[in-house]
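Only one structure is covered here, and it is reproduced in the block below.
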Amino acid sequence: MLVSTLCQAVAGELLQGEPEARFCGVGTDSRQIQPGELFIALRGERFNGHAFVASALAAGAAGAVVSEQVEVAAEDRGKPLVRVADTRQALQQLAQYYRQLFNIPVIGVTGSTGKTTTKDMIAAVLSERWLTLKTAGNFNNEIGLPLTLLKLTSRHQAAVIEMAMRGRGEIAALCQIAQPTLGVITNIGHTHLELLGSQANIARAKAELLEALPPDGVAILNGDDFQVREISRYAPGRVFFYGLEQPAEIMARNIQLLGKDGSRFTVQIAGMTADVHLPIPGVHNVLNALAAVGVGYNLGLTLEEIASGLRKVRLSAMRLQIESGREGLTVINDAYNANPQSMKAALHTLVELADGRRTIAVLGSMFELGAYAGPGHREVGRLAAELGIDYLLTVGELAEQIAAAALEAGLPAERVEAVAKNEDAIVQLQRVLDPQDVVLVKGSRGMKMEEIVRALLA
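Here my numbering is used: the first residue of the sequence shown is 119, the next is one more, and so on.
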């Protein structure tokens, strides 16, 4: 892209360098900048990218976008510097401009749980026919989403973009940048209840994705979630529901759970059926896969292509990763994040995968649940007792309520332990683990439960 085009897109002033200069790609981390990329100096509460402009240029950056005075080395004074009022806004404006250059399907994915897994499944399906860009890792916010879109090339034929939010208006802002043509909502849970106050408010915030769709856009929605059905009215175009329980356009029948080998099921859509092998465990992932079926079908893929794509799905890190430890120990690394809905699904998956072996659930506190924090943790504890988990270890103050509820529901005291920190959990696990145990590790992002996983696999 020409620097002159950049200046027009972000209303920037060229301080030095030539308007005819070009850059290829964008970066915001001077440690990872690649030669020829444009460095955008972002500011945050704990960092200021302007302090690293000189090092980014020295590393080969083709130029930089800044909002304050910076010093650069003499040899880099010919490289373009573009000044804007707000570098974060400039990143978003540039991504919005760049997105408009591509006439391709862009699928927006949101929901309280299952966003990343569903995004991975959709991308796997579309990759059967097209080169597909997808959100990497957790690049699903006001910085990560623009950076993802700026990775589009002329070779890409579709993009699957994950959208997160912590309040009203945030998904609308992301949609203004991404301009989705299809929208997927996986469910409405209790995540961010502390910030939004009610599930109805969470649902309304998620509905911003539907409002952003064009009249010829398509909404692919979880029909088993009544709140998702409620907000379907905000979609201006066609709506396709998917589900396991409620009548829907896309359904799964004859579900066989295969433990670590995933599941097999028959998908039904538009009077057609196809057999699917999904290599990811958990019946909740069958539901997520149906969203991918809906996207693929609406974009013209055959059921054979869709089934082939689902057969090749690989999940992102720390999402139901099944890892082998010493002496036959199996670790289910689901440590990326948690809310009551996803934690209960993970407990069911633990029992499914154990297939008679001893089940160990290591569950951390769940954050941002507001008034639902107590009830949400206690629901998980009651389910742990109902499923007969062999040993329940909770980590963190909020998670103590999981342990308390499990005890009240009848799980014997010798099979329940509550500790304060990850290091305490590691010590306790060293005492109680036996070879062949199956261990689930899950908690909110702030709990950093992957520390426990690393210790188990060491």
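In this text, a Cβ means the ideal position worked out from N, Cα and C, and glycines have one as well.
- Under the 10 Å beta carbon count, V302 is surrounded by 16 or more other beta carbons and is classified as buried.
- Counting the other Cβ atoms within 10 Å of the Cβ of A174 gives 16 or more, which makes it buried.
- In the three-state scheme derived from DSSP, where H, G and I count as helix and E and B as strand, N258 is classed as coil.
- For the beta strand (DSSP E) assignment, the uninterrupted runs of no fewer than 3 residues enclosed by the segment 261–348 are, from N- to C-terminal side, 276–280, 300–303 and 336–340.
- At least 7 Å separates the beta-carbon of A159 from that of V200.
- Counting along the chain, the unbroken beta strand (DSSP E) around L481 starts and ends at T477 to G482.
- Only buried fits E280, as 16 or more other CB atoms lie within 10 angstroms of its CB.
- Counting only the Cα atoms, A241 lies some 6 Å from K252.
- Between the segment 226–237 and the segment 287–305, the count of C-beta pairs closer than 8 Å reaches three or more; the two stretches touch.
- The C-beta separation of F165 from A179 comes to about 17 Å, leaving the pair out of contact by the 8 Å criterion.
- If you draw a straight line from the Cα of H274 to the Cα of A517, it comes to about 44 Å.
- Judged by beta-carbon spacing, A409 lies beyond the 7 Å limit of T146, meaning their Cβ atoms are not closer than that value.
- In this structure, the beta-carbon distance from I570 to I544 falls below 7 Å.
- Between the segment 373–391 and the segment 204–220 there are fewer than three C-beta pairs closer than 8 Å, too few to call the two in contact.
- Under the three-state reduction of DSSP, R149 is assigned to coil, being neither helix nor strand.
- For the pair A464 and D473, the CB atoms are not nearer than the 7 Å cut-off.
- Straight-line measurement puts the Cα of L339 at about 7 Å from the Cα of R347.
- Of the residues assessed, K430 falls on the exposed side of the cut-off, its CB having fewer than 16 other CB atoms within 10 angstroms.
- Per DSSP, the continuous beta strand (DSSP E) segment holding V394 begins and ends at M390 to L396.
- Cβ atoms of L447 and L551 come within 8 Å of each other, at about 7 Å.
- When DSSP states are grouped into helix, strand and coil, N455 belongs to the coil group.
- The Cβ-Cβ distance between T467 and G361 does not fall below 7 Å.
- Around the beta-carbon of G341, 16 or more other beta-carbon atoms lie within 10 Å, marking it buried.
- In this structure, the alpha-carbon of D343 lies about 11 Å from that of L405.
- Under the criterion of beta carbons closer than 8 Å, V171 and E155 do not qualify as touching, at roughly 13 Å.
- If you look at L199, you'll find it in the beta strand (DSSP E) that goes L199 to R201.
- Nearest Cα to V336 within the set S350, S562 and A169: S350.
- In this structure, the CA atom of S381 is about 57 Å from the CA atom of Q187.
- One Cα belongs to S460, the other to A176, and the distance between them is close to 45 Å.
- With a 10 Å radius around the Cβ and a threshold of 16 neighbouring Cβ atoms, K197 comes out buried.
- Cβ neighbours of K462 within its own chain (closer than 8 Å, five residues either side excluded): E497, V498 and L501.
- I440 has I450 as its beta-bridge partners, per DSSP.
- Within a 10 Å sphere around the beta-carbon of R437 sit 16 or more other beta-carbons, which makes this residue buried.
- Residues L525 of the same chain have their beta carbon placed closer than 8 Å to that of A531, with the five preceding and five following residues left out of the count.
- Around the beta carbon of D334, a 10 Å sphere encloses fewer than 16 other beta carbons of the protein chains shown; the residue is thus reported as exposed.
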